[in-house]
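**Student:** Numbers 0 to 302, taken from numbering that gives the first Met the number 0, label the letters of the sequence shown in order.
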Amino acid sequence: MDTRQALLVDAFASEPTAGTPTGVVPEADGLTDDQMQAVASELGATETAFVLPAADADRRLRCFSPTEELDRAETATIAAHAALYERGEIDDAEWTVATAGDDIAVETKPNGMVWVEQGRTDITEVDIPYSDVADALGLDAATLKDVGADLPLVTADAGEVWLMVPVNYFEHLSNLAVDGAAVASLCDRANAVGVYPFTFDTVGGDATRRSTFHGRAFRAGGRIEEPVSAAASGACAAFVRRYGALDDTVEQIIAEGGHFRDRPGTVSVDTDGTEVWVGGRGVTALDGTVTVPAVDDDDIIEA
């Protein structure tokens, strides 16, 4: 019976039970597509990375949600490299990583940070009434106006299309009453995967490294809020940079989230408003094994 080591790594966090729980299988060579999908489903994380050898890259990652393979998965990529670094299997260096979508650049730093090339962000202003957006989030429409440099409603696409919703104050962001069906309708109208309300009124940071904005990620069809979204955070950072909402003293953008899931975390973002790199730490919260089902067997038993 085939057993493999399986980890749950908390991405965008420096201590367990924070950030985004992410599956990592450090040695996945020989697993079939169906076996990887079954393991990802058993682990139950939003993303699970399977680490494989590669002929024309430093390594290959195949990333799965509980229901399908993902073309790209920045969170899983950061979690996998944080785990490999933590285990001493890689050191600080630049890497080329093959994924289902394309080869991407990854860099591991001596301080434990992992940086992933997210790529180009496309931003499009959308013509959706503020009242419709406010109703979907349980807000007054006035809380969505006069934010930052009069930021409009836009979709921002750095691999996934998110509807960006600037909100005046943290108090308003904390009091959302989200209507899942209305969010799904908004996403359908905007051709987006989710809605990302955010505010420049933040919780964390200090005098030298204050958070830039706080965001909450609600995916269309999702039953619960995502803790920390690399895709939405990176796209939002490009949006606020491009639209001049940040002063010149802000070099690296820090996106915080997850507080309303009791899983706070931060995504670091380097962007010129178009090209985006996202970075974060990761810590292993669970280290165990899974028994991989035979090719024609859908059952997994955890050891």
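We put the CB at the ideal spot given by N, CA and C, even for glycine.
Whose C-alpha, out of R61, A82, V132 and A79, is nearest the C-alpha of T98?
**Tutor:** R61
**Student:** Within its chain, find whatever has a CB closer than 8 Å to the CB of A48; leave out the 5 residues flanking it on each side and keep chain order.
**Tutor:** T21, G22, V23, V24, L60, R61, C62, A72, A75, T76, A78 and A79
**Student:** Output needed for R209: all residues of its chain with C-beta closer than 6 Å, excluding positions within five of it in sequence on either side, in chain order.
**Tutor:** none
**Student:** Please report how far the alpha carbon of R119 lies from the alpha carbon of T198, in whole angstroms.
**Tutor:** 23 Å
**Student:** Using the three-state DSSP reduction, which class does L185 fall into: helix, strand or coil?
**Tutor:** In this structure, L185 counts as helix in the three-state DSSP scheme.
**Student:** Can you say whether E14 is buried or exposed, counting buried as having 16 or more other CB atoms within 10 angstroms of its CB?
**Tutor:** exposed
**Student:** Quick one: residues in its chain with C-beta nearer than 6 Å to the C-beta of I103, no 5 flanking neighbours on either side, listed in chain order?
**Tutor:** V96 and E116
**Student:** Report the three-state DSSP secondary structure of R71 (helix, strand or coil).
**Tutor:** coil
**Student:** I'd like to know whether the C-beta atoms of P196 and R215 end up nearer to each other than 8 Å.
**Tutor:** yes
**Student:** Residue range of the beta strand (DSSP E) that G22 falls in?
**Tutor:** T19 to V24
**Student:** Within the same chain, show all residues whose beta-carbon is closer than 7 Å to that of A181, passing over the 5 residues directly before and after it, in chain order.
**Tutor:** D134 and A135
**Student:** Determine the extent of the alpha helix (DSSP H) in which L175 is found, giving its start and end residues.
**Tutor:** For L175, there is no enclosing alpha helix (DSSP H), as DSSP marks it with neither H nor E.
**Student:** May I have a chain-ordered list of the beta strand (DSSP E) segments no shorter than 3 residues that lie completely inside the stretch 96-145?
**Tutor:** 102-107, 113-119 and 121-124
**Student:** Out of W114, G281, V132 and L6, point me to the one whose CA is closest to E41's CA.
**Tutor:** L6
**Student:** By Cβ distance below 6 Å, which residues in the same chain neighbour Q36 in space, the five residues on each side in sequence not counted?
**Tutor:** F63
**Student:** Kindly identify the DSSP beta-bridge partner or partners of E93.
**Tutor:** E106
**Student:** Rounded to whole angstroms, what's the CA-CA distance from A237 to V132? Just pull it up for me.
**Tutor:** 21 Å
**Student:** Name the DSSP bridge partner or partners of D156?
**Tutor:** D121 and V160
**Student:** My output table needs one value for A4: the three-state DSSP class, helix, strand or coil.
**Tutor:** Here residue 4 turns out to be Gln, not Ala, going by the sequence shown. Of the three classes helix, strand and coil, the one that applies to Q4 here is strand, per DSSP.
**Student:** How many Å lie between A82 and S130 at the Cα?
**Tutor:** 44 Å
**Student:** Which whole-angstrom value describes the C-beta separation of I252 and V268, a residue pair presumed to lie in contact below a C-beta threshold of 8 Å?
**Tutor:** About 4 Å separates the beta carbons of I252 and V268, which is inside the 8 Å limit, making them a contact pair.
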